[in-house]
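Numbering (the numbering used here), first residue to last: 2 to 147.
Cβ coordinates follow ideal geometry from the N, Cα and C atoms, glycine included.
As structure tokens, the structure follows; a few thoughts come after it.
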């Protein structure tokens with residue numbers, strides 16, 4: 002009797018394992034087909050900010066736009082790289098979302114009320130360069146005397 006119960010248990014376990022693998026294969030195929038249909042666009046533009054807290058707020062604002070797949074703001078270059086589905090959103094919507102969180106972008110000035118609510122370390126200079134090349138610029142003092 003014990004052998005019969007053990008045999009049934011082993012057969013049931015093998016049957017469930019093989020069904021589980023077939024289900025997993027279908028899920029992977031569906032995911033692959035969906036990602037091929039999405040029209041992803043990559044975009045980079047300047048955003049003013051200072052620190053890691055700025056990075057978190059800027060990226061959260063960009064990722065909050067429907068259709069944005071990823072956003073990564075570079076603290077040193079003052080530049081954000083965004084990947085988004087251009088059938089769901091456009092570049093200006095991303096600029097506006099970041100500006101609404103208090104940060105200036107190349108095309109939209111940051112919301113002053115939101116800027117006033119930022120922590121002290123995040124109060125950036127509104128004249129700050131949004132350096133997209135990554136090259137550090139030497140201090141140019143030609144426009145004034147020292």
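Distance, Cα to Cα, residue i vs residue j?
i: residue 111; j: residue 46; result: 14 Å
i: residue 82; j: residue 58; result: 15 Å
i: residue 79; j: residue 95; result: 16 Å
i: residue 8; j: residue 67; result: 53 Å
i: residue 126; j: residue 42; result: 30 Å
i: residue 114; j: residue 51; result: 18 Å
i: residue 118; j: residue 92; result: 25 Å
i: residue 31; j: residue 90; result: With a pLDDT of 46 at residue 31, under the threshold of 50, the modelled position of that residue is not reliable, and no figure is offered here.
i: residue 88; j: residue 69; result: 11 Å
i: residue 75; j: residue 120; result: 19 Å
i: residue 72; j: residue 3; result: 59 Å
i: residue 116; j: residue 131; result: 17 Å
i: residue 139; j: residue 124; result: Any reading at residue 139 must be qualified, since the residue scores a pLDDT of 44, below 50, and its modelled position is unreliable; the value itself is stated next. Distance between the alpha carbons of residue 139 and residue 124: 23 Å.
i: residue 28; j: residue 65; result: Annotation note: pLDDT 49 at residue 28 (below 50); position unreliable, no value reported.
i: residue 84; j: residue 122; result: 28 Å
i: residue 44; j: residue 62; result: 15 Å
Indicate the three-state DSSP secondary structure (helix, strand or coil) for residue i in the structure shown.
i: residue 47; result: strand
Within 10 angstroms of the Cβ of residue i, are there 16 or more other Cβ atoms? Answer buried if so, exposed if not.
i: residue 12; result: exposed
i: residue 99; result: buried
i: residue 40; result: exposed
i: residue 34; result: With a pLDDT of only 46 at residue 34, under the threshold of 50, the placement of this residue in the model should not be trusted; the figure read from the coordinates follows. Residue 34 is exposed by the Cβ-count criterion.
i: residue 5; result: exposed
Considering only the alpha carbon of each residue, which of the options lies closest to residue i?
i: residue 128; options: 106, 118, 121 and 117; result: 106
i: residue 103; options: 54, 86, 4 and 84; result: 54
i: residue 60; options: 89, 88 and 97; result: 97
i: residue 109; options: 3, 48 and 2; result: 48
(request) Jot down the residue ranges of each uninterrupted beta strand (DSSP E) in the region 55-131, minimum 3 residues, whole runs only, in chain order. (result) Taking 3 residues as the minimum length, the beta strand (DSSP E) runs contained wholly in the region 55-131 are 69-75 and 80-86, in order along the chain.
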